[in-house]
Amino acid sequence: MTAYTCHWIETAPKRKSSAPLLIQLTLHPNGYDGQAYWKRQEARTSAERFKMVEDLTFAADVGPQVVLQRFIELRSTLAGSGFQEVVAPDKVYGPGSIAGHRPKTQDECRMDLAALHTECGDNDGALAQLLQCQNSEGAWYLHTAARRAHANRARANPGPDADDDWTAALNHCIAIVSSAEEQKTNPFYMHTGSSSYYFGDSYGGAPSQLAAAAQTMAEYALCVADQPEQALQAIALADSTSSGTTQIEQYRVTALLQLGRNDEAHACHRKWSLRMPKVLNDPAYQAFVAGETAQANESERLRIDALKFEYAPGQSATAVDLDLLRQHFPAAMKNAACAAYVQWVSSPDQPHQLTVIDGEYRQAYQLFSIAQALEKHADMMDWLSLHDDSSPELASEIRQAIADDGIDPMRMLPIVGDEQSSDCFLLRTDDPHMGVVYYWSHDESTVFSPIVSNAEQLFPWLRAQAEAGDTFSL
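Here is the structure:
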């Protein structure tokens, strides 16, 4: 599912004091559910965020063509309405990100249409657009778009009729690969020609375009020319880009099997969780998986058997500490549901720290002192207020999501965690679930997950998690 994003900027705002109006159009001709999506957003370049103007969905049978036609019509309308189509220097996360833009060239506009024609299954229309490009011979994206259209047409017309298209597709692949070899650098630092232009998030930058070219070369070598060794050479080129796909891993498995390198093929199939029926139904593969699973289970059993658990005492809460707790969380001192925690933090006989030792890895869970607990609570409240100034709407959404779950963060007392982490276990000090221990992570700040029904169960639960093979990480 490829997204295509483009931008137009007002050349002369009607009000001289106003910032230019920016239009952002995002197209999904073939969405995740088969439908087509059209999203048009607008904002002044001085604004913080875009405002959705059109959010349309079209049925799968007509959607791609409708999106393409609307795009052509909008491009024509805006060109006659004082807007210039532009290329952003990087991804546009907000209106201000358009700074440093440049006008889009005629060739780039044709490449846009070629990409959309291909996405709609009109490969002839795509190639017709690309033939009109006059000044983009060295542009990787032109070769990428042409490669894709020719390869699609070859697949649709197998046999001798496909030969010319495969030859053309491979020539475009070679142009990209040759350019990459000449640059003698990491794919992430390569130049792709024509101001590094591309249209569609599947082909952003050199790595993805080089990987796509390599994949087409592998497909031809494997599926047309019956040359599995050459296919693996192309796949190795794709590997260098870190932009592999499920399809290319399937080609790798097929090539390895054809070469009799079954163990490598089976390992690759399992590593990437592929679902190739021919492999899944092969008794040799089933035996391989059974052996790998048994070995993994035995390694896991040995790891768990070797776990060590250390308990350490801590300083018991003093009368002054308990008075401090009473001032900030009075319910914790008054209600019997919280008595297990108060007894724990006050008792020198109970362990105040549990450490799980898993080989070289150690995970410690510390019972906070009252002062530490209050400090952690302040830290948590700071995280929940992180967006108050920068994004009030988001901050309001976060608070509402927490309230919808019936949680009042002011009544959630941090009791166990790690001094170096904001994530912690908290004691609920209000109804309806007073005394229950929850887990909270700053990465998912709206989520408070219930763990155990009272504080005295927490260390046993953490140990049981580790013994079950899932040490809880803070």
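Under the working numbering, the sequence shown has 147 at position 127, and the numbering climbs by one with no breaks. Idealized CB from N, CA, C, for every residue including glycine. Keep in mind the model is a prediction, meaning the values are calculated, not measured.
8 Å Cβ cutoff met for residue i and residue j
{"i": "A393", "j": "P434", "result": "yes"}
{"i": "Y218", "j": "Y161", "result": "yes"}
{"i": "L294", "j": "A285", "result": "no"}
{"i": "A108", "j": "H27", "result": "yes"}
{"i": "W460", "j": "M400", "result": "yes"}
{"i": "L344", "j": "S366", "result": "no"}
{"i": "H170", "j": "A188", "result": "yes"}
{"i": "A165", "j": "A134", "result": "yes"}
{"i": "Q149", "j": "R173", "result": "no"}
{"i": "P333", "j": "P368", "result": "yes"}
{"i": "E487", "j": "L322", "result": "no"}
{"i": "M432", "j": "A351", "result": "no"}
{"i": "G54", "j": "A32", "result": "no"}
{"i": "L88", "j": "P49", "result": "yes"}
{"i": "E269", "j": "C288", "result": "yes"}
{"i": "S222", "j": "T22", "result": "yes"}
Where residue i falls: helix, strand or coil (DSSP)
{"i": "A134", "result": "helix"}
{"i": "S410", "result": "coil"}
{"i": "H372", "result": "coil"}
{"i": "F468", "result": "strand"}
{"i": "G437", "result": "strand"}
{"i": "E380", "result": "coil"}
{"i": "A80", "result": "coil"}
{"i": "V456", "result": "coil"}
{"i": "V204", "result": "The sequence shown places Lys at residue 204, not Val. Reduced to three states, the DSSP call for K204 is coil."}
{"i": "Q270", "result": "helix"}
{"i": "R69", "result": "coil"}
{"i": "F445", "result": "strand"}
{"i": "T236", "result": "helix"}
{"i": "Y223", "result": "helix"}
{"i": "L387", "result": "strand"}
{"i": "D425", "result": "coil"}
{"i": "Y217", "result": "coil"}
{"i": "D181", "result": "helix"}
{"i": "F349", "result": "coil"}
{"i": "M210", "result": "coil"}
{"i": "S336", "result": "coil"}
{"i": "S262", "result": "coil"}
{"i": "F329", "result": "strand"}
{"i": "D343", "result": "helix"}
{"i": "F91", "result": "helix"}
{"i": "Q85", "result": "helix"}
{"i": "Q253", "result": "helix"}
{"i": "Q420", "result": "helix"}
{"i": "Q477", "result": "helix"}
Per-residue burial, residue i [other beta carbons within 10 Å of its own, 16 or more giving buried]
{"i": "A521", "result": "The shown model of the chain, from 21 to 494, leaves out residue 521, and the question about it has no answer."}
{"i": "R122", "result": "exposed"}
{"i": "T65", "result": "buried"}
{"i": "G437", "result": "buried"}
{"i": "M237", "result": "buried"}
{"i": "I255", "result": "buried"}
{"i": "R168", "result": "buried"}
{"i": "G220", "result": "buried"}
{"i": "A475", "result": "buried"}
{"i": "P115", "result": "buried"}
{"i": "F208", "result": "exposed"}
{"i": "Y52", "result": "exposed"}
{"i": "W14", "result": "As displayed, the chain neither begins before 21 nor continues past 494, which places residue 14 out of reach and without an answer."}
{"i": "L478", "result": "buried"}
{"i": "T138", "result": "buried"}
{"i": "R272", "result": "buried"}
{"i": "Q154", "result": "exposed"}
{"i": "V340", "result": "exposed"}
{"i": "V362", "result": "buried"}
{"i": "Q235", "result": "buried"}
{"i": "K396", "result": "buried"}
{"i": "K204", "result": "exposed"}
{"i": "L257", "result": "buried"}
Short CB-CB distance (under 8 Å) between residue i and chain D
{"i": "P452", "result": "No chain D appears in this structure, which consists of one protein chain only."}
- Item | Runs of alpha helix (DSSP H) lying entirely within the region 275-316, each at least 4 residues, in chain order | 282-291, 297-300
- Message: Count Cβ pairs between the region 258-265 and the region 226-237 that sit closer than 8 Å; are there 3 or more?
- Response: yes
- Counting Cβ pairs, one atom from each stretch, are 3 or more of them under 8 Å apart for the region 411-422 and the region 444-451? no
- Is the region 365-379 touching the region 408-416, taking contact as three or more C-beta pairs under 8 Å? no
- Task: At 3 residues or longer, and completely inside the region 108-169: list those beta strand (DSSP E) runs for me, N to C.
- Result: Correct list: empty.
- Query: Using 8 Å as the Cβ pair cut-off and three pairs as the minimum, do the region 378-386 and the region 32-45 touch?
  - Reply: Counting Cβ pairs under 8 Å, fewer than three are found: no touch.
- Task: Would you mind listing the beta strand (DSSP E) stretches within the region 22-59 that are 3+ residues and don't spill past its ends, in chain order?
- Result: 24-30, 41-48
- Message: Closer than 8 Å is the cut-off here; do at least three beta carbon pairs connect the region 202-215 with the region 134-143?
- Response: no
- Task: Assess, as a yes-or-no matter, whether the region 55-64 is touched by the region 72-82 under the definition of 3 or more beta carbon pairs within less than 8 Å.
- Result: yes
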